[in-house]
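These notes are about the structure you will find just below.
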Amino acid sequence: MLPKVRLLPGAISEILVSVRETGVLTRSDCYGLMAASLDESVTEQDRRSINRLIRSVRRGKVQIIDDLTHRR
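By my numbering, the letter at position 17 of the sequence shown is numbered 160, and the numbering carries on one by one without gaps.
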């Protein structure tokens, strides 16, 4: 059985704000979003936000960087 992964409250919002400001998604943010996508308690609004972010990455509007943290 896999352990339950819980995001900190507001983590998805913070990731979205950071990506909007910087145009980059860090590897650690990717892991957070992956955990959120597996969490059944994530709200529909957060799921839609994650999906929009994924589409932005696929379209090249958001860049993924290997740094675990990105300083603005």
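For glycine and all other residues, C-beta sits at the position ideal for the given N, C-alpha and C.
This structure is a prediction, so every number in the text was calculated from the model and none was measured.
Distance, residue j Cα to residue i Cα
| i | j | result |
| --- | --- | --- |
| residue 191 | residue 208 | 22 angstroms |
| residue 201 | residue 154 | 22 angstroms |
| residue 181 | residue 152 | 16 angstroms |
| residue 187 | residue 199 | 18 angstroms |
| residue 161 | residue 167 | 8 angstroms |
Residue(s) in a DSSP beta bridge with residue i
| i | result |
| --- | --- |
| residue 206 | 167 |
Cβ separation of residue i and residue j, assumed to be a contact under 8 angstroms, to the nearest whole Å
| i | j | result |
| --- | --- | --- |
| residue 196 | residue 185 | Rounded, the Cβ-Cβ distance is 13 angstroms, inconsistent with contact. |
| residue 158 | residue 172 | 5 angstroms |
| residue 210 | residue 165 | Not confirmed; about 11 angstroms, so no contact. |
| residue 189 | residue 178 | Actually they are not in contact, since the Cβ atoms of residue 189 and residue 178 sit about 12 angstroms apart, beyond 8 angstroms. |
Under the three-state DSSP convention, the category residue i falls into
| i | result |
| --- | --- |
| residue 160 | helix |
| residue 151 | coil |
| residue 184 | coil |
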